[in-house]
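Written below as structure tokens is the structure these notes are about.
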Amino acid sequence: MEGMYGNVDAVEKQQEEPRGFEQSGKLDTAMKGTVEQAQMQDQQLLETASSPFMIYNKNHQLCVEVEAGESLTAATCHPPSPTKLFRWVLGGRLLHVGSGRCVGVAQSASQRAVRLEPCDAQRPQQHWVCGEGGLLGLAGVTPPLYFNYGNSIRSVVMLYTGNKEWSRWVVYDSHRDLCSRACDVCTPCRLGWAFFQDRCYFYSTSLSAWDMANTSCAAQGAQLLTMDSPAEQKYIRETLKAPSAWVGITNQVLKGAWSWANGTLLTPGISYWQAREPSSRAGEHCALVLPNGHWNDRPCAELHHWVCEGPV
């Protein structure tokens, strides 16, 4: 249309074109920001990484390797190369040095192939924990699923429920536990919590009555310590700095019987009571752990430190 202002359609077209360029510029800026964010995340990943190591199975006398694609297999350990090197990174994840990708699985199920994936701290299938005797398992899974080689006709590393020799891995050369190479920031536990086997532990710095300590743990998605294995008792004995700390044992839930705070009876055959304890004196309805790793019953209203225990 033409008029006193000339060709109006042409003017409108001219006015519309810069919008397209503007939108394109915004898209380029957004893409640039995404790339920069990814680069920053990669840099943070490397800054929190442990030194590189090779994952070795003594029974096979082989090291884990990624030759091509995303599957993990096993090969002779010599010569060392980036295809056989891994590093622990933030959150209990394993970073493959050669590809810059993380070790994970598509699904938390037995006989699923272990593979390389883009690193994602939010994916539970990329978090690993060390167990006794060289076991390496997927974190937070019951029953446990272990990093295994030898039970697949495809000759790939996979998840497996068995915990025999083909599921046991150490650092090549030193034969030390894989987690001996992990740094403090690589623990799968949140800040301020300590990691042991497949659990996280919090040691309070303040004092509280038993009920408040129990509530504090529950508010954090955890529970007062349930110390039910010799290995866990040894760990608590070595790490407890307070003169005493509340644990999740009481006789208030099941009248006349000592139980865990959730109402389940203490594990049969496992007892860490101090000599001549529990004394069951009037008012002593809750239990403490002492620096020697043994329990003592005390009045629940007393103020003590406490230990929370929760999942990774």
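Residue numbers for the sequence shown follow UniProt numbering, beginning at 1 and rising by one.
Glycine included, every Cβ here is placed at the ideal spot set by N, Cα and C.
All values reported here derive from a predicted model rather than from experimental measurement.
Beta bridge counterpart(s) of residue i as assigned by DSSP
i: V114; result: V105
i: T250; result: S259 and C286
i: N57; result: L62
i: Y203; result: V307
i: W273; result: W295
i: A75; result: C63
i: R237; result: None; R237 has no bridge partner.
i: Q223; result: E309
i: S208; result: H304
i: A245; result: V289 and H305
i: V89; result: R93
Residue from the options with nearest C-alpha to residue i
i: S108; options: S229, P118, W128 and C286; result: W128
i: A121; options: V89, T76, A106 and A113; result: V89
i: N296; options: S279, V312, E302 and S152; result: S279
i: N262; options: R276, Q223 and A231; result: Q223
i: P268; options: R276, W258 and E277; result: W258
i: P124; options: P118, A245, G140 and V114; result: G140
i: M54; options: C77, E70, A219 and A231; result: C77
i: G92; options: S50, S229 and S167; result: S50
i: S229; options: A209, L94, V170 and L266; result: L266
i: A80; options: E70, Q233, L94 and Y56; result: Looking at the sequence provided, one finds Pro at residue 80 rather than Ala. When each option's Cα is compared against that of P80, the closest is Y56.
i: residue 314; options: A209, S208 and C217; result: The question about residue 314 has no answer here: the residues shown for the chain are numbered 1 through 312.
i: S155; options: T73, S206 and C300; result: T73
i: V312; options: P118, C130, P82 and D177; result: C130
i: A231; options: Y203, W260 and F196; result: F196
i: Y203; options: S174, V247 and S167; result: V247
i: T205; options: Y172, W260, S244 and Y235; result: S244
i: V170; options: K58, H96 and L95; result: K58
i: K234; options: D177, S208 and H294; result: H294
i: P52; options: G283, H96, V157 and A75; result: H96
i: L94; options: A75, P82, S71 and C119; result: C119
Cβ-based burial, residue i [other Cβ within 10 Å; buried from 16]
i: K84; result: buried
i: T264; result: exposed
i: T226; result: buried
i: A61; result: Inspection of the sequence shows that residue 61 is occupied by Gln rather than by Ala. With fewer than 16 Cβ atoms within 10 Å of its Cβ, Q61 is classed as exposed.
i: E67; result: exposed
i: L46; result: For L46, the predicted structure reports a pLDDT of 48, less than 50, and the residue's modelled location is therefore unreliable. A value from the coordinates is still provided. Exposed, because fewer than 16 other Cβ atoms sit within 10 Å of the Cβ of L46.
i: L303; result: exposed
i: R298; result: buried
i: G221; result: exposed
i: residue 337; result: Missing from the structure shown is residue 337; the chain here goes from 1 to 312 and no further.
i: E165; result: exposed
i: E132; result: exposed
i: N292; result: exposed
i: A106; result: exposed
i: G134; result: buried
i: S180; result: exposed
i: Q43; result: Reliability of the predicted coordinates at Q43 is poor, the pLDDT of 46 falling under 50, and no value is obtained from them.
i: R276; result: exposed
i: G256; result: exposed
i: D198; result: buried
i: R87; result: buried
i: R281; result: exposed
i: S174; result: exposed
i: C300; result: buried
i: R115; result: buried
i: R168; result: buried
i: G69; result: exposed
i: G137; result: buried
i: A219; result: exposed
i: G104; result: buried
Short CB-CB distance (under 9 Å) between residue i and chain C
i: E132; result: Included in the structure is just one protein chain, with no chain C present.
Does the stretch 235 to 251 come close enough to the stretch 301 to 312 to have 3 or more Cβ pairs within less than 8 Å?
With the cut-off at 8 Å, the stretch 235 to 251 and the stretch 301 to 312 touch.
Contact between the stretch 267 to 278 and the stretch 94 to 104 is defined here as three or more beta-carbon pairs at a separation below 8 Å; is this criterion met?
The answer is no - the stretch 94 to 104 does not touch the stretch 267 to 278, with fewer than three Cβ pairs under 8 Å.
Using a Cβ distance threshold of 8 Å, determine whether the stretch 201 to 214 contacts the stretch 144 to 158, with at least three qualifying pairs required.
With a cut-off of 8 Å, the stretch 144 to 158 and the stretch 201 to 214 do not count as touching, because too few Cβ pairs lie within range.
Using a Cβ distance threshold of 8 Å, determine whether the stretch 110 to 126 contacts the stretch 153 to 170, with at least three qualifying pairs required.
With the cut-off at 8 Å, the stretch 110 to 126 and the stretch 153 to 170 touch.
Are at least three pairs of beta-carbons, each pair with one atom in the stretch 282 to 297 and one in the stretch 248 to 260, less than 8 Å apart?
The answer is yes - the stretch 248 to 260 touches the stretch 282 to 297, with three or more Cβ pairs under 8 Å.
At which residue ranges does the stretch 113 to 195 contain complete beta strand (DSSP E) runs of 3 or more residues, listed in the order of the chain?
For the stretch 113 to 195, whole beta strand (DSSP E) runs of length 3 or above, ordered along the chain, are 114 to 117, 128 to 130, 136 to 138, 146 to 148 and 158 to 160.
Any chance the stretch 190 to 198 sits against the stretch 146 to 157, with 3 or more Cβ pairs inside 8 Å?
Contact fails between the stretch 190 to 198 and the stretch 146 to 157, because fewer than three Cβ pairs, one in each stretch, are under 8 Å apart.
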